[in-house]
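Engineer: After the structure tokens below, expect a handful of questions from me.
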Amino acid sequence: DSGVTQTPKHLITATGQRVTLRCSPRSGDLSVYWYQQSLDQGLQFLIQYYNGEERAKGNILERFSAQQFPDLHSELNLSSLELGDSALYFCASSVQGGSYEQYFGPGTRLTVT
Amino acid sequence: AQSVTQPDIHITVSEGASLELRCNYSYGATPYLFWYVQSPGQGLQLLLKYFSGDTLVQGIKGFEAEFKRSQSSFNLRKPSVHWSDAAEYFCAVGAREYGNKLVFGAGTILRVKS
Chain D
15 DSGVTQTPKH LITATGQRVT LRCSPRSGDL SVYWYQQSLD QGLQFLIQYY NGEERAKGNI
75 LERFSAQQFP DLHSELNLSS LELGDSALYF CASSVQGGSY EQYFGPGTRL TVT
Chain C
4 AQSVTQPDIH ITVSEGASLE LRCNYSYGAT PYLFWYVQSP GQGLQLLLKY FSGDTLVQGI
64 KGFEAEFKRS QSSFNLRKPS VHWSDAAEYF CAVGAREYGN KLVFGAGTIL RVKS
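In structure tokens:
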């Protein structure tokens, strides 16, 4: 158990819908990262927050957004969902914003039908 | 551009045999290097990491990895594989100069024959 929690574990929704994925980092970790894992793209970095502020952006679609709250939990919002958005979404956390080791949560499996 | 190559998509070894999983990276900066393991339906567990110093690093579950700057490689090894090691293994690279993201290889699926 990494200490990073993610909810829900599974999510099934229809195209065009909007969902919110939630992540709680390990105690003491200020930095949260979101990754998408799909069969065709592999593991891709989406976005990073550090202590409430956006720190880095990767291959994140404009339909996707994220935020980190004062209690350091983070939410990833996915809207206007398409079939291709079906994937595993991982949250990871690290102590600081640098390239220290990141600890991953169990992931949220999103299925868009 | 930063990239990580894991040339072997699948590897099958017999239980008790040694294992080496290959990882090569292309980075314009001094990298931080990681190996993660993912069991089916699970998240990624950190096996080991290299930041600096001794180029041979020890990790959990009896794994080790060696950083070879001249070959841009960070291969993962285990002297004797157990059936419970069957999983997918990911090499990942990060660097301060490229922000804080990790760039992952495509993964190597390890099968263990009994």
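Going down the list, the sequences are from chains D and C. According to the numbering used here, the residues represented by the first sequence are 15 to 127, in order. According to the numbering used here, the residues represented by the second sequence are 4 to 117, in order. Glycine is no exception: its CB is placed at the ideal position from the N, C-alpha and C atoms. Here the structure is a predicted model, which is why all the values come from computation and not from measurement.
#1: Please state the DSSP three-state secondary structure of Q55 (chain D).
#2: Excluding the five sequence neighbours on either side, which residues of its own chain have a C-beta within less than 7 Å of the C-beta of T15 (chain C), listed in chain order?
#3: Mind listing, in chain order, the continuous beta strand (DSSP E) runs of no fewer than 3 residues lying wholly within the stretch 4 to 43 of chain C?
#4: Leaving aside the five residues before and after D11 (chain C) along the sequence, list all residues of the same chain whose C-beta is less than 8 Å from its C-beta, in chain order.
#5: Who does V96 (chain C) pair with in a DSSP beta bridge?
#6: Got a sec: which bits of the stretch 96 to 107 of chain C sit with their beta carbon under 8 Å from any beta carbon on chain D, in order along the chain?
#7: Is DSSP giving L124 (chain D) helix, strand or coil here?
#8: Taking its Cβ as the centre, do 16 or more other Cβ atoms sit within 10 Å of G19 (chain C), making it buried, or is it exposed?
#9: For the beta strand (DSSP E) containing A106 (chain D), list its first residue and its last residue.
#10: Would you mind giving the Cβ-Cβ distance between S107 (chain D) and Y117 (chain D), rounded to the nearest angstrom? I have them listed as a contact below 8 Å.
#11: Give the residues from the stretch 39 to 59 of chain C that approach chain D closer than 9 Å (Cβ to any Cβ), ordered along the chain.
#12: Identify each residue in the stretch 67 to 78 of chain D for which the Cβ-Cβ distance to at least one residue of chain C is less than 7 Å, and report them in chain order.
#13: In angstroms, rounded to a whole number, what distance separates the CA positions of L44 (chain D) and R36 (chain D)?
#14: I'd like to know if A90 (chain C) contacts chain D, where contact means its C-beta is closer than 7 Å to some C-beta of that chain.
#15: Taking Cβ positions only, does A4 (chain C) come closer than 7 Å to chain E?
#16: Return no unless some Cβ of chain D is closer than 7 Å to the Cβ of A109 (chain C).
#17: Could you tell me which residues DSSP pairs with K81 (chain C) in its beta bridges?
#18: Output the boundary residues of the beta strand (DSSP E) element that contains S16 (chain D).
#19: To the nearest angstrom, how far is it from the Cα of Y28 (chain C) to the Cα of T21 (chain D)?
#20: Among D:L75, D:A80, D:E76, which has the Cα closest to the Cα of R69 (chain D)?
#21: Mind checking who R72 (chain C) pairs with in its DSSP beta bridge?
#22: Cβ closer than 7 Å: which chain D residues qualify as neighbours of F37 (chain C)?
#23: The beta strand (DSSP E) spanning R40 (chain D) covers which residue range?
#24: Does any CB atom of chain C fall closer than 7 Å to the CB of F59 (chain D)?
Structural biologist: Put simply:
#1: Translated into positions along the first sequence, residue 55 (chain D) becomes position 41. If DSSP states are grouped into helix, strand and coil, Q55 (chain D) belongs with coil.
#2: The sequence position of residue 15 (chain C) within the second sequence is 12, counting from 1. Around T15 (chain C), the same chain offers R114, K116 as residues with beta carbons nearer than 7 Å, after the five sequence neighbours per side are excluded.
#3: 6 to 8, 13 to 17, 22 to 24, 27 to 29, 35 to 41
#4: Along the second sequence, read from residue 1 onward, the residue named residue 11 (chain C) stands at position 8. L24, R25, T111.
#5: Taking the first residue of the second sequence as position 1, residue 96 (chain C) is located at position 93. Bridge partners of V96 (chain C): C:L36, C:V106.
#6: G97, A98, R99, G102, N103, K104, L105, V106, F107
#7: Translated into the one-based positions of the first sequence, residue 124 (chain D) becomes position 110. Under the three-state reduction of DSSP, L124 (chain D) is assigned to strand.
#8: The count along the second sequence starts at 1 and reaches residue 19 (chain C) at position 16. Exposed: under 16 other Cβ atoms inside 10 Å.
#9: One-based indexing of the first sequence puts residue 106 (chain D) at position 92. Unbroken beta strand (DSSP E) run through A106 (chain D): 101 to 108.
#10: Looking up residue 107 (chain D) in the first sequence gives position 93. Looking up residue 117 (chain D) in the first sequence gives position 103. Right, the Cβ-Cβ distance comes to about 6 Å (below 8 Å), so this counts as a contact.
#11: Y39, Q41, G44, Q45, G46, L47, Q48, L49, K52, F54
#12: R69, A70, G72
#13: The count along the first sequence starts at 1 and reaches residue 44 (chain D) at position 30. The count along the first sequence starts at 1 and reaches residue 36 (chain D) at position 22. Taking the straight line from one Cα to the other gives about 16 Å.
#14: Here residue 90 (chain C) is taken as the residue at index 87 of the second sequence, counted from 1. Chain D, which has no Cβ nearer than 7 Å to the Cβ of A90 (chain C), makes this no.
#15: Chain labels in this structure do not include chain E; the protein chains are D and C.
#16: Position 106 of the second sequence, counted from the first residue, corresponds to residue 109 (chain C). Interface residue, yes.
#17: Against the second sequence, residue 81 (chain C) aligns to sequence position 78. According to DSSP, K81 (chain C) bridges with C:L22.
#18: As a working note, residue 16 (chain D) is residue 2 in the first sequence. Careful: S16 (chain D) lies outside any beta strand (DSSP E) and carries neither H nor E.
#19: To locate residue 28 (chain C), count along the second sequence from 1; it is residue 25. To locate residue 21 (chain D), count along the first sequence from 1; it is residue 7. About 33 Å.
#20: Residue numbering aside, residue 69 (chain D) sits at position 55 when the first sequence is read from its first letter. R69 (chain D) has its Cα closest to that of D:A80, out of D:L75, D:A80, D:E76.
#21: If you number the second sequence from 1, residue 72 (chain C) lands on position 69. Paired residue(s): none; R72 (chain C) is not in a bridge.
#22: Start at 1 with the first residue of the second sequence, and residue 37 (chain C) comes out as number 34. Within chain D, the residues near F37 (chain C) are E115.
#23: Mapped onto the first sequence, residue 40 (chain D) falls at position 26. No beta strand (DSSP E) holds R40 (chain D); DSSP gives it neither H nor E.
#24: Residue numbering aside, residue 59 (chain D) sits at position 45 when the first sequence is read from its first letter. Chain C contact via Cβ: present.
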